[in-house]
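Trainee: Following this message is one structure expressed as structure tokens.
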Amino acid sequence: MEESRRGLSSTPQSRKIMVIADPTRESAAALQYSLSHAVLEQDELILVHVENNGGSWKNAFSSFLRLPSSISSSSSSTSASSPGTANANANTAIAASSLASEIGQGEGNFLEQMKRICEIAQPKVPVHTECITMEGNKAASILLHGDKLGVDVIIIGQRRTISASLLGSRRPGGSIRGPKGVDTAEYLIENSKCTCVGVQKKGQNGGYVLNTKTHKNFWLLA
């Protein structure tokens, strides 16, 4: 899909790709898509989590993302040599798939564990994590922070609902404050200055359904 790949295609310039990070399956799918289809070696990956009402994320969840032992054991071989394209893709697929399957299990800092999986899957890509406080609402906070960082692409996990599909997320006047109840991903897609890709995982091997401002329900095979 042309727009979802705009800013992601092979070019000499480095891009800032922001992935919205939460301890959810939707966020895991977004990161999985980013690692396997979006991020290139020259890019910079930023994992951003939005805290609700200024509360510490450490106390907000009873369980976090656990780094699978199978991925941890493969990290030495990944970093010890310069893998070819096939090996790199295999590591990416293994790491990302394990991320999705292991979410909500174990304990620890889920942002740091997501970062570690990124480093294993894409060892040449610089990865940063940021935890920001919600200002107004989640969509507004993401848009403001994205503008501050000068990101080129925003990738967010999306859970499609009938109301979001029917009502949409555009608001007259271009306000960054979406109507109450409007899906955050839908609002970002329609109002972000840069390309925003909403990602839905279609089963274990069913690929992804991608949404951007001009492309809806685009099915990308895994």
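The numbers in my numbering rise by one with no breaks, and the one at position 215 of the sequence shown is 211. Each residue gets a CB set at the ideal place from its N, CA and C atoms; glycine is no exception. Bear in mind the structure is a predicted one, so any value in this text is a computation, not a measurement.
#1: Excluding the 5 residues preceding and the 5 following G146 in the sequence, name in chain order all residues of the same chain whose CB lies nearer than 8 Å to its CB.
#2: With DSSP as the reference, identify every bridge partner of I152, one or two as the case may be.
#3: So, does the CB of T20 fall closer than 9 Å to a CB anywhere in chain C?
#4: Ends of the alpha helix (DSSP H) at N187?
#5: Mapping the DSSP letters down to three states, classify E274 as helix, strand or coil.
#6: Would Q28 and Q9 be called neighbours here (beta carbons separated by less than 9 Å)?
#7: By DSSP's criteria, Y204 is part of a beta bridge. Which residues make up the other side?
#8: Quick check on DSSP: helix, strand or coil for E224?
#9: How long is the line joining the alpha carbons of K20 and N187, rounded to whole angstroms?
#10: From the DSSP secondary-structure annotation, give me the bridge partner or partners of T125.
#11: Could you tell me whether the Cβ atoms of L43 and L107 are closer together than 9 Å?
#12: N207: which of D179, G199 and N48 sits nearest, CA to CA?
#13: Going by Cα to Cα distance, which pick from G203, C127 and G202 is closest to E47?
#14: Is M110 helix, strand or coil when you go by DSSP?
#15: Restricting to Cα atoms, I'd like to know which of A135, V149, Y204 and I116 is closest to Y183.
#16: Can you list, in chain order, the residues of its chain whose CB lies under 8 Å from that of S137, leaving out five sequence neighbours each side?
#17: Pick from V35, A34, V121 and Q109: whose alpha carbon is nearest that of D18?
#18: I need the DSSP call for K12, collapsed to helix, strand or coil.
#19: Considering Cα atoms alone, identify which of C192, T210, K209 and H211 is closest to A26.
#20: Kindly indicate which three-state DSSP category E22 falls into: helix, strand or coil?
#21: Bridge partners for N133 per DSSP, in chain order?
#22: On a CA-only basis, which of P119, V121, L36 and C190 is nearest K144? Give me that one, please.
#23: Does DSSP put G142 in a helix, in a strand, or in coil?
Mentor: Per the coordinate set shown:
#1: Within the same chain, K12 come within 8 Å of G146 by CB-CB distance, once the 5 residues on both sides are set aside.
#2: I152 pairs with G194.
#3: Looking for chain C here will not work: only one protein chain is present.
#4: Counted as a single uninterrupted DSSP element, the alpha helix (DSSP H) harbouring N187 occupies residues T180 to N187.
#5: Given that the chain is displayed from residue -3 to residue 218, the structure contains no residue 274 and the question cannot be resolved.
#6: The Cβ atoms of Q28 and Q9 lie no closer than 9 Å to each other.
#7: Y204 is bridged by DSSP to K197 and L216.
#8: Not covered by the structure: residue 224. The range shown for the chain is -3 to 218.
#9: Looking at the sequence itself, residue 20 is Thr, so the reference to Lys does not match. Rounded to the nearest angstrom, the two C-alpha atoms are 23 Å apart.
#10: In the DSSP output, where bridge partners are listed per residue, T125 has L43.
#11: Their beta carbons are under 9 Å apart, which means L43 touches L107 by this criterion.
#12: Nearest Cα to N207 within the set D179, G199 and N48: D179.
#13: Closest option to E47, Cα to Cα, is C127.
#14: In this structure, M110 counts as helix in the three-state DSSP scheme.
#15: Ranking the options by Cα distance to Y183, first place goes to A135.
#16: Excluding sequence neighbours, S137 sits near V46, I128, T129, M130 and E131.
#17: Nearest of V35, A34, V121 and Q109 to D18, Cα basis: Q109.
#18: K12 falls in the strand class under three-state DSSP.
#19: With distances taken between Cα atoms, A26 lies closest to C192.
#20: E22: helix per DSSP, three-state reduction.
#21: In the DSSP output, where bridge partners are listed per residue, N133 has E131.
#22: Per the Cα distances, C190.
#23: Judged by DSSP in its simplified three-state form, G142 adopts helix.
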